[in-house]
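Numbering (our numbering), first residue to last: 2 to 795.
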């Protein structure tokens with residue numbers, strides 16, 4: 002791709018922004034070296050990776066590649082058997098740790114996940130955790146080796162520590178003994194790795210030893226006493242031994258790491274590539290961009306495309322397409338109307354897509370692969386080359402005509418401008434006609450009416466215009482394909498206050514055909530706005546009709562479902578009625594047969610009366626069963642209060658309201674430990690006497706093992722005693738545990754808070770004496786910790 006077009010279309014600014022999203026230096030370098038490709042298979046592969054990285058970020062969040070350093074120098078040194086220093090080995094350890102984190106990030110969340118285009122890259126990573134663990138075991142920091150790195154180093158450092166202690170003991174006795182009067186200060190100092198004491202110059206002969214230094218004034222000499230010379234020598238020897246052992250350990254570590262140089266280098270390549278791919282994904286999310294669809298027929302269709310370098314709150318999306326029905330687009334309209342932005346948007350999005358970047362556009366946006374993109378955009382007047390604006394543009398145009406072919410996209414801004422309008426328009430038409438005859442995809446902006454006529458009269462060439470609001474004197478930046486633009490010079494001048502006499506005089510200067518053409522464009526614009534308004538109105542009607550259709554379908558489905566349920570219940574009830582009738586008939590026959598010929602009429606009458614009473618009872622029960630829930634007084638929404646005690650009539654359960662009703666009247670009722678959905682039509686207010694029932698036994702379960710539903714529907718699984726004194730709290734806890742146990746709750750939570758622990762101790766003391774409590778314990782993490790006690794019943 003030619004560098005001039007990349008610069009003119011500001012592609013370099015895009016990759017600079019892309020590089021800001023990379024975590025590592027190698028990743029940033031790869032971003033800055035990114036260039037558009039002309040291989041459609043490579044483009045599609047790169048866009049697939051970008052799309053998969055976007056999907057992974059949405060699913061798992063971002064992943065960091067910050068420890069992916071340029072290790073090429075270290076790896077070369079290891080390859081030839083050199084030893085790395087502690088900083089170099091730690092960089093490798095940090096890198097391998099980062100590889101491990103990235104590999105974990107790339108593992109599928111579920112076994113059934115089939116993977117994507119990035120799965121193989123994640124799988125090929127080798128964290129070599131044993132290598133990084135060995136390095137970190139031996140090296141504490143960039144300038145400190147661990148004593149556990151080897152037994153020899155540990156032994157040497159122990160000897161150094163003991164020798165240091167002996168030197169301090171000897172010098173400490175000197176400082177506190179007869180020598181104290183000879184010293185400037187009672188301190189131990191170091192001079193050249195040797196322990197010394199500060200001796201007054203006049204007492205030099207009184208302290209036997211080696212002078213290593215003196216103060217700037219000469220009044221103090223730093224003397225190494227003879228008593229510690231051997232010890233200092235020994236300390237120096239052991240320091241040299243320590244350094245030698247450290248060098249030995251570094252060499253061993255380096256040789257160990259060198260065995261995996263190829264794997265580490267391969268990890269570097271994969272990590273850099275992944276950092277690059279996820280940088281593209283991160284940049285795409287920042288722009289709200291999508292991977293475009295690419296074709297090889299030189300046609301593009303950009304939907305709601307936005308220039309990525311214009312602020313989101315200012316950029317106006319455009320729809321622009323070419324290449325199928327026409328291969329050339331002539332864009333006209335007033336200055337600052339968005340013509341140049343349209344050219345740059347098409348060119349830049351094409352370059353971004355071919356570079357494997359997502360583009361800020363709508364779904365199903367389609368781009369074509371071009372081997373070259375040529376752009377002649379902007380004022381390129383050159384003082385150094387003595388070229389006017391026209392000459393400079395013509396120089397670019399000549400170069401483009403020479404190099405462009407069918408696989409090229411050409412963009413011209415104000416083609417033919419900068420010279421006599423008649424000659425400029427003629428040149429522009431000739432240039433465009435040449436490009437059109439060679440089937441080169443071209444977009445050009447112009448003010449010339451002749452080019453508008455050329456587009457109308459030439460097959461395969463289309464007019465387009467940038468919309469302008471004459472009333473507000475502001476461009477809308479909307480691109481209208483198929484309609485030539487009007488300059489609006491007279492309308493704008495009139496709005497700005499230019500006298501009508503001057504405007505009329507100007508109109509008289511325009512050729513009649515040109516005036517008719519401008520009037521025709523104005524009529525087309527008015528017709529377009531009318532059609533656009535009608536189209537929007539029709540779309541609104543279609544939307545409303547679709548909503549009504551969906552609503553009717555939902556209602557029909559609901560009615561069908563209710564009808565099937567009613568029929569099912571009716572069939573079941575019919576079967577029950579027939580079975581009951583058969584049972585009554587069988588019983589009647591059995592009675593009469595048993596009575597025999599000698600039975601009295603009085604006995605038979607009693608039997609008939611009993612059967613009639615049984616049938617009557619069945620009918621009453623059926624009538625009561627069929628009585629709708631609406632027969633009771635339906636609650637009003639104003640009566641619904643959170644915590645209000647209610648009874649669910651069809652279910653026979655009592656509970657408390659735990660949510661406000663929705664638009665359909667549905668709400669949730671807390672029935673003991675169960676939360677039940679009910680409709681407001683099925684609820685009645687409940688009162689205290691509804692639940693009065695005598696307990697069979699104070700600490701015993703109800704007979705038969707059946708749960709006390711009245712208690713189970715109201716009892717909570719938690720009691721809060723915070724803020725109460727111990728006596729009141731224990732009294733309330735006693736009643737609550739009785740009710741909870743009778744309601745067959747397995748366990749409950751007693752919330753007493755942490756505080757000073759007085760209330761907790763009182764609760765625990767009480768629980769120890771409750772016979773039906775199996776066990777109790779403090780809550781674990783997530784259950785309330787020490788502020789809650791979990792009680793389990795027998």
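Even for Gly, the Cβ is constructed at its ideal location relative to N, Cα and C.
Bear in mind that the values here come from a model prediction, so they are computed numbers and not experimental data.
query: Exposed or buried, what is residue 59 when buried is set at 16 or more other beta-carbons lying within 10 Å of its beta-carbon?
result: exposed
message: Let's test the definition: count the other Cβ atoms within 10 Å of the Cβ of residue 742 and tell me whether it reaches 16, buried, or not, exposed.
response: buried
Option in 85, 636 and 313 with minimal Cα separation from residue 305: 313
task: Name the one or two DSSP bridge partners that residue 739 has.
output: None; residue 739 has no bridge partner.
- prompt: Out of curiosity, what's the CA-to-CA distance linking residue 686 and residue 361?
  reply: 58 angstroms
message: On a Cα-Cα basis, can you pick out the residue from 115, 125 and 90 that is closest to residue 101?
response: 125
- request: Measure the Cβ-Cβ separation of residue 753 and residue 760 and say whether it is below 7 angstroms.
  value: yes
field: Contact check, residue 184 vs residue 140, beta carbons under 7 angstroms
entry: no
query: What are the partner residues of residue 789, as DSSP defines its beta bridges?
result: 752
message: Given a cut-off of 7 angstroms on the beta-carbon distance, is the pair residue 299 and residue 369 in contact?
response: yes
task: Taking residue 418 as part of the alpha helix (DSSP H), name the residues at either end of that continuous run.
output: Run containing residue 418: none; DSSP gives neither H nor E here.
message: Could you check whether residue 202 and residue 222 sit closer than 7 angstroms to each other, using their CB atoms as the reference points?
response: yes
- request: In the DSSP assignment, find the alpha helix (DSSP H) that holds residue 204 and state where it starts and stops.
  value: Note, residue 204: premise wrong, no alpha helix (DSSP H); not H, not E.
- request: Could you tell me the distance, in whole angstroms, from the CA atom of residue 321 to the CA atom of residue 268?
  value: 43 angstroms
message: Just to confirm my understanding: we take residue 397, look at its own chain, exclude 5 residues before and 5 after, and list those with CB closer than 6 angstroms. What are they?
response: 377
message: Nearest by alpha-carbon distance to residue 119: which of 272, 318 and 261 is it?
response: 272
query: Can you name the start and end residues of the beta strand (DSSP E) that residue 224 belongs to?
result: 221-226
Backbone CA spacing between residue 552 and residue 546 [nearest angstrom]: 10 angstroms
- request: Using only alpha-carbon positions, find the residue among 363, 352 and 393 that is nearest to residue 374.
  value: 352
message: Between residue 250 and residue 150, how many whole angstroms is the CB-CB distance? I'm expecting something under 8 angstroms.
response: 5 angstroms
- request: Could you check if residue 8 is buried or exposed, using at least 16 other CB atoms within 10 Å of its CB as the buried criterion?
  value: exposed
- prompt: What's the C-alpha gap between residue 631 and residue 645?
  reply: Unreliable placement is indicated for residue 631, whose pLDDT of 45 sits below 50; the coordinate value is still reported in the next sentence. Near 20 angstroms, if we compare the C-alpha coordinates of residue 645 and residue 631.
query: What's the C-alpha gap between residue 778 and residue 681?
result: 41 angstroms
- request: Taking all protein chains shown into account, decide if residue 207 is buried (16 or more other Cβ within 10 angstroms of its Cβ) or exposed.
  value: exposed
- request: Check whether the Cβ atoms of residue 480 and residue 343 sit closer than 7 angstroms, and answer yes or no.
  value: yes
- prompt: Leaving out the 5 sequence neighbours to the left and right, which residues in its chain are closer than 7 angstroms to residue 12 when beta-carbon positions are compared?
  reply: 349 and 352
- prompt: In the DSSP assignment, what are the bridge partners of residue 444?
  reply: 330 and 412
task: Could you round the C-beta distance between residue 1 and residue 789 to whole angstroms and report it? I think they count as a contact, below 8 angstroms.
output: In this structure the chain extends from 2 to 795, so residue 1 is not present and cannot be described.
- request: Output yes or no for whether 7 angstroms exceeds the beta carbon distance between residue 239 and residue 161.
  value: yes
query: From 195, 46, 757 and 254, pick the residue whose C-alpha is nearest to that of residue 225; which is it?
result: 195
- prompt: Under three-state DSSP, which class holds residue 112?
  reply: coil
- prompt: Terminal residues of the continuous alpha helix (DSSP H) containing residue 16?
  reply: 12-20
task: Quick one: give me the first and last residue of the beta strand (DSSP E) that residue 776 is part of.
output: 774-779
- prompt: Taking just the CA atoms, how far does residue 20 sit from residue 55?
  reply: 17 angstroms
field: DSSP-derived helix/strand/coil call for residue 499
entry: coil
query: Quick one: Cα of residue 309 to Cα of residue 43, how far?
result: 23 angstroms
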